[in-house]
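Numbering (my numbering), first residue to last: 71 to 364. From the three backbone atoms N, C-alpha and C, an ideal C-beta is built for every residue, glycine too. The structure displayed is predicted, hence computed values, not measured ones. Structure first, commentary second.
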């Protein structure tokens with residue numbers, strides 16, 4: 071029997087053509103994903119993927135199944151949102167996910183401009199971490215997600231960049247670099263490099279840039295949650311590249327330094343293109359973000 075989750079996993083694998091990446095995005099292990107694909111191939115009585123040590127690709131039959139599964143998912147999401155909109159209270163509502171350390175600089179100004187134009191709309195804000203906020207948007211738990219640019223997102227999610235956030239290098243207050251005024255990529259040589267969970271693509275881009283300049287961190291380690299980044303940096307004596315607004319977490323044992331050559335990340339307003347809440351378009355228009363897609 072085909073489970074609903076198998077359909078989602080199949081579509082992700084067909085779009086990434088990587089068992090490792092598809093398993094990561096589906097929040098399951100790679101062996102589990104392989105079993106689920108095998109069940110689908112048994113159900114359809116044909117090979118859906120060609121696998122080798124070098125690549126994964128869809129068979130002609132796999133292409134047909136992919137298009138069908140993609141249509142099923144789109145129809146399901148549209149029906150779910152339409153049913154939800156008919157069932158909820160007709161009062162105008164909009165739910166926003168955003169990390170609290172971006173509230174003062176980004177989230178509140180966006181909301182204030184929106185409320186000026188639509189004072190009767192009830193605005194709810196959920197404080198979250200970036201990866202959790204994105205998952206909430208993907209699962210239909212919010213209408214808007216405000217965050218820095220997220221590299222790996224569903225094809226059902228679109229967004230609009232609206233500002234730039236400077237990136238700083240964070241470290242423990244006893245780190246040997248505390249007296250430096252600025253940090254360069256060269257300073258990461260022989261130093262532990264810490265990155266946040268959910269930002270693997272960002273990590274890869276920085277490591278590629280370091281590798282090209284023959285810069286080699288002593289270790290590369292993932293921090294599971296932003297709330298324990300201070301502890302992680304204290305234990306590893308490492309360096310972590312984060313948006314400057316993380317300083318609002320008010321950790322006395324954390325310090326941050328700008329890059330010698332300023333680096334920035336785009337801030338985005340994300341939304342689902344199949345969410346029919348009319349307040350999404352009004353939110354974007356109130357903030358002069360006119361790239362809303364129907």
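Item: Residue ranges of each beta strand (DSSP E) within the region 337 to 364, 3 or longer; Value: none
Item: Assumed close pair residue 291, residue 311 - CB separation to whole angstroms, cut-off 8 Å; Value: About 13 Å separates the two Cβ atoms, so there is no contact after all.
Item: Proximity to residue 299 [Cα-Cα], best of 94, 241, 97; Value: 241
Item: Residues that DSSP places opposite residue 242 in a beta bridge; Value: 324
Item: Coil, strand or helix - residue 188 by DSSP; Value: coil
Item: Beta-carbon separation (whole angstroms), residue 193 vs residue 354, contact threshold 8 Å; Value: No, residue 193 and residue 354 are not in contact; Cβ-Cβ is about 14 Å, not under 8 Å.
Item: Runs of beta strand (DSSP E) wholly within the region 140 to 185 (minimum 3 residues, chain order); Value: 163 to 168
Item: Exposed unless 16 or more other CB atoms sit within 10 angstroms - verdict on residue 74; Value: exposed
Item: Residues bridged to residue 329 [DSSP beta-bridge criterion]; Value: 253
Item: Residue 314 versus residue 91 - alpha carbon distance; Value: 29 Å
Item: Pairwise C-alpha distance: residue 356 and residue 101; Value: 47 Å
Item: Status (buried if at least 16 other CB within 10 Å, exposed otherwise) for residue 327; Value: buried
Item: N- and C-terminal bounds of the alpha helix (DSSP H) containing residue 81; Value: 74 to 86
Item: Nearest-angstrom Cα separation, counted from residue 239 out to residue 335; Value: 13 Å
Item: Other residues of its chain near residue 187: CB distance less than 6 Å, five sequence neighbours each side excluded; Value: 356
Item: Pick from 211, 274, 256 that is closest to residue 285, judged by C-alpha positions; Value: 256
Item: Length at least 3, wholly inside the region 269 to 296: the beta strand (DSSP E) runs in chain order; Value: 290 to 293
Item: Per-residue burial, residue 302 [other beta carbons within 10 Å of its own, 16 or more giving buried]; Value: buried
Item: Rounded C-alpha distance that separates residue 198 from residue 223; Value: 17 Å
Item: Nearest-angstrom Cβ-Cβ length linking residue 128 and residue 136, presumed shorter than 8 Å; Value: 6 Å
Item: Exposure label - residue 248; buried when at least 16 CB within 10 Å; Value: exposed
Item: Three CB pairs or more closer than 8 Å across the region 165 to 183 and the region 197 to 211; Value: yes
Item: Cα-Cα separation between residue 131 and residue 79, rounded to whole angstroms; Value: 17 Å
Item: According to DSSP, residues forming a beta bridge with residue 204; Value: Answer is none; residue 204 lacks a bridge partner.
Item: Closest by C-alpha distance to residue 260, when choosing among 270, 150, 277; Value: 277
Item: Pick from 295, 196, 72, 93 that is closest to residue 112, judged by C-alpha positions; Value: 72
Item: Close Cβ partners of residue 83 (< 6 Å) along its chain, the five nearest in sequence each way excluded; Value: 92
Item: For residue 235, three-class secondary structure by DSSP; Value: strand
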